[in-house]
Amino acid sequence: MARFSGEFKISEKDAKLVDGIIARAPEKKRNNEPAIQKYGNEKYNFEVERSTYNTRVKQFPWNYVAQPMIGTCVQGWNCHTEAGNRLKDLGVKHAYIVTTGLRGTGIVEEMQATLKQAGVAYTVGPLTHSNPRITDAEAGVKAFKEAGCDGVLSIGGGSSHDTGKGIRLLLSNPDKTIFDARALLQPHWMEASLKLKYITTPQVAINTTCGTGAEITPFAVYSDWDNRWKFNIMANGGMQPNVGYDDPLFFRCMPEHIAAQTGIDSLVHGLGGVMSKLENESARAVGMAAVKMTFENLGEFVYNRWNDKACEKMCWAQHLGACTYALGGGVGLIHALAHQISAINDMHHGMANAVFVVEGLRMNKFAAPEKMAMMARNCCGIDITGLSKWDAAQKFIDACEELRNGVGIKDVRLSTYGLTKDDCYWMSKHAVNDLNLEANVRDLTEPEIEAMLVGML
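All residue numbers for the sequence shown refer to the working numbering, where the first residue is 65 and numbers rise by one.
Written out as structure tokens, the structure reads:
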């Protein structure tokens with residue numbers, strides 16, 4: 065149907081542009097009414113709740129400290145050598161190996177030898193992407209069934225472990241898709257997870273990076289690559305691997321830039337739980353330890369992965385960072401944005417966190433100055449005596465920027481990585497409904513996030 069402005073006919077292309085502008089700038093904003101964000105044709109319930117009278121005393125009156133949701137973790141030199149027997153103990157006779165490849169490290173070959181020694185057969189599946197896609201899980205299920213496998217061995221970082229989780233989810237829920245397990249703010253993630261069956265296929269996770277935490281957690285992250293957005297998934301129990309292994313022998317095989325990027329991921333996991341509006345004290349205590357350990361050891365580890373002490377400490381830092389959000393502490397804005405930039409250009413997840421860590425902290429500074437000041441003093445060793453809480457918070461932000469720059473990640477302009485204003489709009493649209501934003505200490509709307517992103521171009 066033709067569209068007119070007065071007597072002037074508007075072209076189809078311009079009409080679509082105008083429709084986009086109208087959708088992004090609803091008329092209500094001119095009347096100083098609370099802006100209601102939209103996702104498709106649905107309004108965000110949490111936006112309505114924030115701006116209407118409610119007799120509930122606190123936003124999060126109950127905290128769930130989810131220790132049973134955390135898988136067993138084994139730390140130590142050469143601990144990977146027991147993984148074959150652990151799979152055997154779990155009843156696995158034929159393991160399906162999920163990995164990105166880890167070319168040139170010899171790690172996959174070492175694990176194959178470990179399985180052979182334990183008498184466990186194995187099949188190496190199609191290599192997964194660095195940011196797992198829905199198609200990775202679907203291809204994995206097909207290969208798993210064709211090979212007659214009965215358990216999963218994931219080798220690598222979060223991409224391998226998350227692909228393994230997705231495969232197991234689909235095996236236990238053959239009538240469902242990865243989309244059915246989406247964990248969003250709206251529709252609420254619990255609504256989706258309760259419709260799924262408990263995951264029963266065993267998984268052992270061999271970790272090789274100092275950032276993921278996916279070797280023990282009940283979450284996974286997937287990209288809808290066809291539509292360029294990324295989301296968490298959850299099951300109705302059983303998604304966490306049965307056992308995760310953090311072997312320093314494998315951690316030190318990371319190249320310098322991967323060590324730096326994944327280490328920043330650990331930092332963000334930790335500080336996210338400390339600053340979280342969920343006020344989970346168990347997560348906060350563990351998060352403080354993760355932040356402190358990362359500040360004290362990441363630089364030395366990045367520039368000498370054979371520094372045994374630093375290597376061991378970064379194994380622990382990434383584990384503690386994982387516990388922070390697995391205990392129910394949440395992560396926040398930085399992770400919500402990191403998910404979406406990876407969906408746009410396939411950026412490594414650790415690098416994506418490094419891009420947003422400083423700007424994300426600045427965005428939250430005035431919502432959590434005392435928490436940032438606490439990390440400045442107790443995690444970074446900064447003397448904040450006599451400083452205002454805002455100046456003390458800035459000291460922590462500056463320390464994070466110094467660490468990020470110090471490990472070689474200096475250029476964080478979004479334009480450097482090919483992003484445009486249109487990408488900023490698309491990222492903000494999905495980041496505002498990302499599960500990780502639930503814990504962010506500052507309430508943020510889609511236009512606020514978009515403005516931040518445009519400012520980073």
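Each residue gets a CB set at the ideal place from its N, CA and C atoms; glycine is no exception.
Next item on the list: Could I get the ranges of all uninterrupted alpha helix (DSSP H) runs contained in the stretch 291 to 341, with 4 residues as the minimum, in chain order?
Entry: 312 to 315 and 320 to 339
Notebook entry, point to check: Is DSSP giving Arg-246 helix, strand or coil here?
Noted result: Taking the sequence shown and counting its residues from 1, one reaches residue 246 at position 182. If DSSP states are grouped into helix, strand and coil, Arg-246 belongs with the strands.
Note to self: In the DSSP assignment, the beta strand (DSSP E) including Asp-288 goes from what residue to what residue?
What the structure shows: Here residue 288 refers to the residue found at position 224 of the sequence shown. Where Asp-288 is concerned, the enclosing beta strand (DSSP E) stretches over 284 to 288.
Item checked: Own chain partners of Asp-329 with C-beta closer than 6 angstroms, once the 5 adjacent residues on each side are dropped -> As a position in the sequence shown, residue 329 is number 265, starting the count at 1. If we look at Asp-329 and ignore the five residues flanking it on each side, its Cβ neighbours are Gly-275, Gly-414 and Asn-417.
Note to self: Rounded to the nearest angstrom, what separates Gly-215 and Lys-157 at their Cα positions?
What the structure shows: Start at 1 with the first residue of the sequence shown, and residue 215 comes out as number 151. Start at 1 with the first residue of the sequence shown, and residue 157 comes out as number 93. So the alpha carbons of these two residues sit roughly 8 angstroms apart.
Notebook entry, point to check: Going by other Cβ atoms of all chains shown within 10 Å of its Cβ, with 16 needed for buried, is Asn-95 buried or exposed?
Noted result: Taking the first residue of the sequence shown as 1, we reach residue 95 at position 31. Confidence at Asn-95 is low in this model, with a pLDDT of 41, below 50, so the placement of that residue is unreliable and no value is reported for it.
Item checked: Ala-299 versus Ile-448 - alpha carbon distance -> Reading the sequence shown from its first residue, position 235 is the one you call residue 299. Reading the sequence shown from its first residue, position 384 is the one you call residue 448. Rounded to whole angstroms, the separation of the alpha carbons of Ile-448 and Ala-299 is 44 angstroms.
Check: By Cβ distance, which residues of its chain are closer than 8 angstroms to Cys-137, with the 5 residues on each side in sequence left out?
Finding: Here residue 137 corresponds to residue number 73 of the sequence shown, with the count starting at 1. Scanning its chain for C-beta atoms nearer than 8 angstroms, with the 5 sequence neighbours on each side dropped, one finds around Cys-137 the residues Glu-279, Ile-280, Val-307, Gly-308, Tyr-309, Asp-310 and His-383, in chain order.
Next item on the list: Name the residue from Val-188, Asn-237, Phe-315 and Ala-515 whose alpha carbon lies nearest to the alpha carbon of Trp-370.
Entry: Within the sequence shown, numbered from 1, the residue matching residue 370 stands at position 306. For the options Val-188, Asn-237, Phe-315 and Ala-515, the alpha carbon positioned closest to that of Trp-370 is the one of Phe-315.
Checklist line | Top-ranked residue by Cα proximity to Lys-341, from Glu-202, Lys-122 and Lys-73 | finding: As a first step, residue 341 must be located in the sequence shown, where it is residue number 277. Checked all of Glu-202, Lys-122 and Lys-73; the closest Cα to Lys-341 is Lys-122.
Notebook entry, point to check: Three-state secondary structure (DSSP) at His-383?
Noted result: Reading the sequence shown from its first residue, position 319 is the one you call residue 383. In the structure shown, His-383 sits in a helix (DSSP, three-state: H, G or I).
Notebook entry, point to check: Could you give the distance in angstroms between the alpha-carbon of Asn-497 and the alpha-carbon of Gly-183?
Noted result: In the sequence shown, counting from the first residue as 1, residue 497 sits at position 433. In the sequence shown, counting from the first residue as 1, residue 183 sits at position 119. Their backbone Cα atoms lie some 46 angstroms apart in a straight line.
Margin query: Extract the residue ranges of the alpha helix (DSSP H) inside the stretch 201 to 257, only unbroken runs of 4 or more that lie entirely within it.
Written below: 222 to 236 and 253 to 257
Notebook entry, point to check: So, is Lys-474 buried or exposed, given that buried needs 16 or more other C-beta atoms within 10 angstroms?
Noted result: Within the sequence shown, the letter at position 410 stands for residue 474. Exposed: under 16 other Cβ atoms inside 10 Å.
Item checked: Cut-off 7 angstroms between Cβ atoms - residues of its own chain near Gln-404, not counting five sequence neighbours on either side -> Taking the first residue of the sequence shown as position 1, residue 404 is located at position 340. If we look at Gln-404 and ignore the five residues flanking it on each side, its Cβ neighbours are Trp-293, Lys-294, Met-491, His-494 and Ala-495.
Checklist line | Distance between Val-419 and Ser-577 (C-alpha atoms, nearest Å) | finding: Not covered by the structure: residue 577. The range shown for the chain is 65 to 521.
Item checked: Burial state of Trp-380 (16 or more Cβ within 10 Å) -> For this step, residue 380 is matched to residue 316 along the sequence shown. Result: buried.
Check: Can you tell me the Cα-Cα spacing of Ala-456 and Leu-335, whole angstroms?
Finding: Your numbering for residue 456 matches position 392 in the sequence shown. Your numbering for residue 335 matches position 271 in the sequence shown. Distance between the alpha carbons of Ala-456 and Leu-335 is about 15 angstroms.
Check: Which residues mark the beginning and the end of the beta strand (DSSP E) in which Cys-137 is found?
Finding: Here residue 137 refers to the residue found at position 73 when the sequence shown is read from its first residue. 136 to 139 is the span of the beta strand (DSSP E), which, as asked, contains Cys-137.
Notebook entry, point to check: Run through DSSP, which three-state label would His-399 get?
Noted result: Numbered from 1 along the sequence shown, position 335 holds the residue referred to as residue 399. His-399: helix per DSSP, three-state reduction.
Checklist line | Cβ distance (whole Å) where Thr-265 is taken to contact Leu-235 below 8 angstroms | finding: Start at 1 with the first residue of the sequence shown, and residue 265 comes out as number 201. Start at 1 with the first residue of the sequence shown, and residue 235 comes out as number 171. Contact flag correct, Cβ pair sits at about 5 angstroms.
Checklist line | Proximity below 8 angstroms, CB of Gly-394 to CB of Glu-514 | finding: What you label residue 394 is simply residue 330 of the sequence shown in a count that begins at 1. What you label residue 514 is simply residue 450 of the sequence shown in a count that begins at 1. No, these two residues do not count as a Cβ contact at 8 angstroms.
Notebook entry, point to check: Which residues in the same chain have their Cβ closer than 6 angstroms to the Cβ of Val-505, if we skip the five residues on either side of it in sequence?
Noted result: Along the sequence shown, one-based indexing puts residue 505 at 441. Listed in chain order, the non-local C-beta contacts of Val-505 below 6 angstroms within the same chain comprise Met-339, Lys-341, Asn-428, Ala-431 and Ala-432, local neighbours out to five positions each way being set aside.
Item checked: Length of the line joining the Cα atoms of Lys-453 and Asn-442 -> If you number the sequence shown from 1, residue 453 lands on position 389. If you number the sequence shown from 1, residue 442 lands on position 378. So the alpha carbons of these two residues sit roughly 14 angstroms apart.
Note to self: Using a Cβ-Cβ cutoff of less than 6 angstroms, which residues in the same chain neighbour Lys-229 once the five nearest sequence positions on both sides are dropped?
What the structure shows: Against the sequence shown, residue 229 aligns to sequence position 165. Cβ neighbours of Lys-229 beyond the five flanking positions: Ala-284 and Met-303.
Margin query: Just to confirm before moving on: does the CB-CB distance between Ile-398 and Val-366 stay below 8 angstroms?
Written below: Here residue 398 refers to the residue found at position 334 of the sequence shown. Here residue 366 refers to the residue found at position 302 of the sequence shown. Not a contact, by the Cβ cut-off of 8 angstroms.
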